[in-house]
Amino acid sequence: ATPMALMVASGRGAQLGIFLKGHRALEVSRQIDTVVFDKTGTITTGELSVIDMTIDPACGRDRDEIAALAASVESSSEHAIGAALARAVPDASVTDVEDFTAVPGCGVTGRVGGVEVMVGSPRWVGDARQVDPALVATRRDEQRRGRTVVYVALEGRVCAAVVVADAVKDSAADAIAELHRQGLRTLMVTGDNAVAAQIIADEVGIGEVIAEVLPDGKVDVVAQLQAQGCAVAMVGDGINDAPALATADLGLAIGRGTDVAIGAADIILVRHSLHTVPEALGLARETWKTIR
Ligand code: ADP
Ligand code: MG
122 ATPMALMVAS GRGAQLGIFL KGHRALEVSR QIDTVVFDKT GTITTGELSV IDMTIDPACG
182 RDRDEIAALA ASVESSSEHA IGAALARAVP DASVTDVEDF TAVPGCGVTG RVGGVEVMVG
242 SPRWVGDARQ VDPALVATRR DEQRRGRTVV YVALEGRVCA AVVVADAVKD SAADAIAELH
302 RQGLRTLMVT GDNAVAAQII ADEVGIGEVI AEVLPDGKVD VVAQLQAQGC AVAMVGDGIN
362 DAPALATADL GLAIGRGTDV AIGAADIILV RHSLHTVPEA LGLARETWKT IR
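Letter 134 of the sequence shown, counting from 1, is numbered 255 in this note's numbering, and no numbers are missing.
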């Protein structure tokens with residue numbers, strides 16, 4: 122009966138786009154009491170787009186020039202924000218970048234045609250520099266609407282605030298409500314700004330938010346919950362989620378999850394829909410009951 126139940130479960134799982142990696146996932150799933158979600162690409166679609174850009178009028182460069190320089194550096198980035206900025210200009214405006222560096226959880230730097238370009242979180246780019254009040258206002262106002270704002274600095278001067286929008290997945294609110302019905306506690310962890318993150322969490326009904334977490338910090342969040350006695354499932358899609366997926370009692374890689382995330386996970390959810398999270402946990406619990 123045991124292998125039969127597992128076959129049935131994996132058959133049903135496959136239909137739902139749920140792939141369990143080994144039996145451990147079944148055993149652990151029934152103990153899970155806490156589910157931690159990554160934000161970008163997990164709660165949201167991760168298909169970001171640039172919707173606005175505020176320029177410091179005194180910076181001496183125009184909008185197209187700033188956008189092109191930022192896009193050129195970001196075209197070497199693997200981050201969804203980078204892809205959004207790179208897509209926001211015509212291909213012909215993207216030129217070669219030298220000395221590209223990506224700082225996880227912060228942003229990117231590089232030189233384009235001799236100009237030093239830095240693109241990243243307002244904290245990372247702006248906090249140690251003078252910033253035009255118009256850019257500060259954009260940062261504050263747009264974050265309050267749940268949007269992500271990044272600053273662009275050229276030759277060390279902050280020239281623009283770029284507003285990036287991402288859509289919450291249609292399935293998110295229902296899936297979170299279902300997890301709450303199952304008696305689970307939910308949290309969202311993100312490197313993004315706290316105000317923007319809280320708006321998204323409120324929109325989907327997630328109970329707790331831990332924001333402005335550096336990529337390594339996601340592991341710490343999971344480990345801390347475990348230290349408090351929680352049995353933690355982590356749901357994420359990105360390279361920067363891999364350590365947390367591996368540390369969690371149960372790691373679920375979702376959507377077009379990067380190979381690294383898939384490698385670190387116990388359960389692979391091939392659809393983007395968040396419904397598959399309660400479904401996967403439910404399926405594992407039921408299967409465990411049958412084989413026990
Ligand atoms: P998330 O948890 O949303 O995936 P990350 O930890 O990857 O966030 O990034 C946190 C923040 O760092 C972003 O909100 C952004 O402000 C900044 N950042 C990271 N990578 C980039 C990039 N390539 N370009 C611009 N900003 C970036
Ligand atoms: Mg993500």
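Yeah, the Cβ is synthetic: ideal placement off N, Cα and C, and Gly gets one too.
CA-to-CA distance, residue j to residue i, given in whole angstroms
i, j, result
"Ala296", "Leu395", "6 Å"
"Ala122", "Leu147", "Residue confidence is low: Ala122 scores 48 on pLDDT, short of 50, so the model does not pin down where it sits. Its coordinate-derived value is still stated next. About 16 Å."
"Ile176", "Ala189", "13 Å"
"Val353", "Leu371", "6 Å"
"Asp80", "Leu305", "This structure cannot speak to residue 80, because the chain is shown only from 122 to 413."
"Thr411", "Thr368", "28 Å"
"Arg244", "Leu127", "49 Å"
"Asp341", "Ala365", "8 Å"
"Val215", "Ser196", "8 Å"
"Ser292", "Glu276", "43 Å"
"Thr311", "Val343", "12 Å"
"Gly167", "Leu404", "27 Å"
"Val246", "Gln319", "22 Å"
"Glu407", "Cys351", "21 Å"
"Pro336", "Ile164", "17 Å"
"Gly226", "Ser242", "8 Å"
"Val129", "Glu324", "36 Å"
8 Å Cβ cutoff met for residue i and residue j
i, j, result
"Val149", "Leu308", "no"
"Ala363", "Ala332", "no"
"Val283", "Met174", "yes"
"Val273", "Ala191", "yes"
"Ile187", "Ala255", "no"
"Asp248", "Ala179", "no"
"Val171", "Ala205", "yes"
"Asp287", "Leu169", "yes"
"Arg151", "Trp409", "yes"
Min CB distance residue i to chain C below 8 Å
i, result
"Val353", "Of the protein chains in this structure there is only one, and it is not chain C."
Residue of the options minimising C-alpha distance to residue i
i, options, result
"Val240", "Asp253, Gly234, Val224 and Ala255", "Val224"
"Ala374", "Ile388, Ala365, Asn361 and Thr368", "Ile388"
"Ala209", "Gly226, Glu237, Val285 and Gly234", "Val285"
"Asp358", "Gln347, Ala201 and Leu346", "Ala201"
"Val211", "Glu400, Asp185, Ser198 and Ala322", "The sequence shown places Pro at residue 211, rather than the Val named in the question. Answer by Cα proximity: Asp185."
"Ala317", "Val233, Ala344, Val270 and Arg151", "Val270"
"Val236", "Asp337, Met125, Pro178 and Ser193", "Ser193"
"Ala322", "Leu169, Ala294, Ala401 and Gly162", "Ala294"
"Val381", "Ile164, Asp220, Ile360 and Glu324", "Ile360"
Own chain residues within Cβ distance below 8 Å of residue i, not counting five before or after
i, result
"Thr222", "Val229, Thr230 and Gly231"
"Ala298", "Gly326"
"Ile383", "Ala374 and Ile389"
"Ala315", "Val330, Ala332 and Glu333"
"His144", "Leu127"
Close Cβ partners of residue i (< 6 Å) along its chain, the five nearest in sequence each way excluded
i, result
"His393", "Gly376"
"Asp159", "Gly357 and Asp362"
"Gly328", "Thr307"
"Val391", "Gly138"
"Val218", "Ser193, Val194, Ser197, Gly231 and Val233"
Cβ neighbours of residue i in the same chain (closer than 7 Å, five flanking residues each side left out)
i, result
"Gly203", "Glu195 and Val229"
When the Cβ atoms of the region 126–138 are set against those of the region 260–278, are three or more pairs found closer than 8 Å? The answer is no - the region 260–278 does not touch the region 126–138, with fewer than three Cβ pairs under 8 Å.
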